[in-house]
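Undergrad: Here you go, one structure.
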Amino acid sequence: MRAPAATAAHTQQLLDQVTQFLGHPIPPVLERALRTVPRHLFLPDRIWLGDGQGGYGLCDRAAEPERWLEAAYSDASLVTQFTEGLPSSSASMPSMVVRTLLLAGLDTLPRPLSVAELGTATGFNAALLCALLGDREVTTIELDAALAEAGQSNLRAAGYTPTVVRGDAAGGWWDRAPYDLILATFSVDRIPAAWLAQTVPGGRIITPWNSAWCCYGTLALTTGQDGSAQGRFHSFAAFMPMRRPAAGTPDPAAEDGSPQTATSTLSPWEVAGGNLDAEFHVGLTVPGASFGWDISGDHAPVRLDVVDATGRSWATVDYDGHHSDRFAVTQCGPRRLWNEVTAAHERWQRLGRPSVDQHGLAIDAAGTHTPWVEAAGRKHTL
Ligand SMILES: C[S@@+](CC[C@H](N)C(=O)[O-])C[C@H]1O[C@@H](n2cnc3c(N)ncnc32)[C@H](O)[C@@H]1O
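Per the numbering used here, the sequence shown starts with residue 51, numbered consecutively.
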């Protein structure tokens, strides 16, 4: 069966959904780009749609051509690849793509403007950048060889010829540097030195953010004259984390000392129950700490497991099913992780429970990252 063709109505549906999500009209220059680049040309035949409950359902173009096309022109992130059971590549949600382009100033900045897009995947975002800036200004980098090839072939089929590089975008791409703009489409917990070195002074680095604790927020940095940069976090989007070429993993069995127990008055739900502002603050200020809920019933009825990146320090926080004002805590290793989390949460409360948007980051010429938060009209270094 021949697949149905995308129509003007499909494009209009996408534009309407994006406009509704943004809450304001799409600036004309971006609307033109979205009308020019047909999203379905960038999607593989098999895509996975979120089921709203954290799972994904397959949509196969051959079996469900109408549904596949409908998905292509809906304001949704579409997973295009899984690795070890987890999504490892996707076509980003169009409204998030537009928000990122707006954050980069692509609706107003003077041309020419050279950009490195990090994380090619389908090539859709790279095509929008080509439509906005011209193919010669766009370099796009993808770690995964098969995805880089597919992305390049999608771009060619749609009539775009940016420079497509297969490689680890943590190192940027010196051959075409410097860039006016570096735009990552995966999240990081640190700005790689190469990104700072490859951006012109006064240029922009836009990247989704993650910490081991919380994958959320988008950082918009402006670079200084001396390799420094500073900017703010913005309260949108959880993007998949940057992948790195395979390396050794920490040994979770190696732990230091004997476990110590205590009682905590901080509820684990306060810092791991979905309050993104609190979780973002903890993630920014307690480096390397991550959490998982243990609902197996082995630790009645619920336990929060906290561990650091080395696996040597850990903490558990137990809810006994009755008391919401005291919790049993066990900690082990060189770091007292729950004490660190508690101190971060106390600071967040003291500062008036700042939102993600009140946070920012300064990076000096030596690459030292210093987060800050703006509260009560003043900047507080964290
Ligand atoms: C959310 S997808 C990007 C969406 C894409 N820009 C689009 O328009 O469809 C993230 C992509 O980043 C890639 N990626 C992750 N880590 C990377 C790295 N270190 N270097 C280059 N690409 C990377 C992933 O393989 C994945 O394809």
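Just so it is clear, CB atoms sit at the ideal spot from N, CA and C, and this is done for glycine as well.
#1: Determine the extent of the beta strand (DSSP E) in which L99 is found, giving its start and end residues.
#2: If you follow the alpha helix (DSSP H) that Q365 is in, where does it begin and where does it stop?
#3: Measuring from the CB of G221, is there a heavy atom of ligand 1 at a distance below 6 Å?
#4: Is V87 closer than 7 Å to A227 when the C-beta atoms are compared?
#5: Report all residues from its chain with a CB closer than 6 Å to the CB of G107; omit the five preceding and five following residues, and keep chain order.
#6: Just the Cα atoms here: how many angstroms apart are V191 and W118?
#7: Please find out if some non-hydrogen atom of ligand 1 comes closer than 6 Å to the beta-carbon of E81.
#8: For ligand 1, is there a heavy atom less than 6 Å away from the beta-carbon of A141?
#9: Can you tell me whether A195 is buried or exposed, with buried defined as 16 or more other CB within 10 angstroms of its CB?
#10: If we count the other Cβ atoms within 10 Å of its Cβ and call it buried at 16 or more, is E116 buried or exposed?
#11: Can you tell me the Cα-Cα spacing of A181 and T211, whole angstroms?
#12: Can you name, in chain order, every residue of its own chain whose Cβ lies under 6 Å from the Cβ of W245, other than the five neighbours on each side?
#13: Is any heavy atom in ligand 1 found nearer than 6 Å to the beta carbon of M146?
#14: How many Å lie between G184 and G169 at the Cα?
#15: If I measure Cβ to Cβ from R294 and keep anything under 8 Å in the same chain, skipping five residues before and after, which residues do I get?
#16: From S139, W259, L159, pick the residue whose C-alpha is nearest to that of D230; which is it?
#17: In the DSSP assignment, what are the bridge partners of A270?
#18: Which word fits E187, buried or exposed, when buried means at least 16 other C-beta atoms lie within 10 angstroms of its C-beta?
#19: Tell me, please, whether the segment 389-398 touches the segment 316-326 by the rule of three or more beta-carbon pairs shorter than 8 Å.
#20: Kindly indicate which three-state DSSP category D225 falls into: helix, strand or coil?
#21: Would P258 pass as a contact of T273 if the rule is Cβ separation under 7 Å?
#22: DSSP beta-bridge partners for I345?
#23: What's the call for T235, buried or exposed, on a 16-neighbour Cβ count within 10 Å?
#24: What three-state label does DSSP hand R353 in the structure shown?
#25: So is the beta-carbon of R226 under 6 Å away from any non-hydrogen atom of ligand 1?
#26: Helix, strand or coil: which one does DSSP assign to D66?
#27: Could you tell me the alpha carbon to alpha carbon distance between S32 and S140, rounded to whole angstroms?
#28: Can you list, in chain order, the residues of its chain whose CB lies under 6 Å from that of M51, leaving out five sequence neighbours each side?
#29: For P302, which of helix, strand or coil comes out of DSSP?
#30: Is it buried or exposed for P308, if we count other Cβ within 10 angstroms and need 16 for buried?
#31: Any chance the CB of G135 is under 6 Å from a heavy atom of ligand 1?
#32: How big is the Cα-Cα spacing for A424 and R240?
#33: Are F174 and Y266 closer than 7 Å when you measure CB to CB?
#34: Please specify which runs of the beta strand (DSSP E), each continuous and at least 3 residues long, are wholly inside the segment 169-202, giving them in chain order.
#35: Tell me whether R96, by its Cβ, gets closer than 6 Å to a heavy atom of ligand 3.
TA: Checking against the coordinates, here is how it stands:
#1: 96-100
#2: According to the sequence displayed, residue 365 carries Ala and not Gln. Membership of A365 in any alpha helix (DSSP H) is not indicated; the residue belongs instead to the beta strand (DSSP E) covering 364-369.
#3: No.
#4: no
#5: L99, D101
#6: Note on residue identity: the sequence assigns Ile, not Val, to residue 191. About 27 Å.
#7: no
#8: yes
#9: Exposed, by the Cβ-count rule.
#10: exposed
#11: 11 Å
#12: G222, I232, I255
#13: no
#14: 19 Å
#15: D218, A220
#16: Minimum Cα-Cα distance from D230 among the listed residues S139, W259, L159 corresponds to L159.
#17: I256, R282
#18: buried
#19: Touching, yes, given that three or more Cβ pairs across the two stretches are closer than 8 Å.
#20: helix
#21: Result no, Cβ atoms of P258 and T273 do not sit closer than 7 Å.
#22: BP columns for I345 are empty, so no partner.
#23: buried
#24: strand
#25: no
#26: Three-state DSSP puts D66 in a helix.
#27: Because residue 32 is not part of the residues shown, which for the chain are 51 to 432, the question remains open.
#28: Here M51 scores only 45 on pLDDT, less than 50, and its place in the model is too uncertain to base an answer on.
#29: Residue placement at P302 cannot be trusted, given a pLDDT of 49 that sits under 50; what the coordinates show is reported in the next sentence. Note: P302 maps to coil in three-state DSSP.
#30: Here residue 308 turns out to be Ser, not Pro, going by the sequence shown. Exposed, by the Cβ-count rule.
#31: Proximity of the beta carbon of G135 to ligand 1 is not indicated: no heavy atom of the ligand is located closer than 6 Å.
#32: Sequence inspection shows Glu at residue 424; the Ala mentioned does not correspond to that position. The alpha-carbon atoms of E424 and R240 are separated by roughly 20 Å.
#33: Taking C-beta atoms as the reference points, F174 and Y266 fail to come closer than 7 Å.
#34: Segments of the beta strand (DSSP E) lying fully in the segment 169-202: 188-192.
#35: Ligand 3 is not part of the structure shown, which contains ligand 1 as its ligands.
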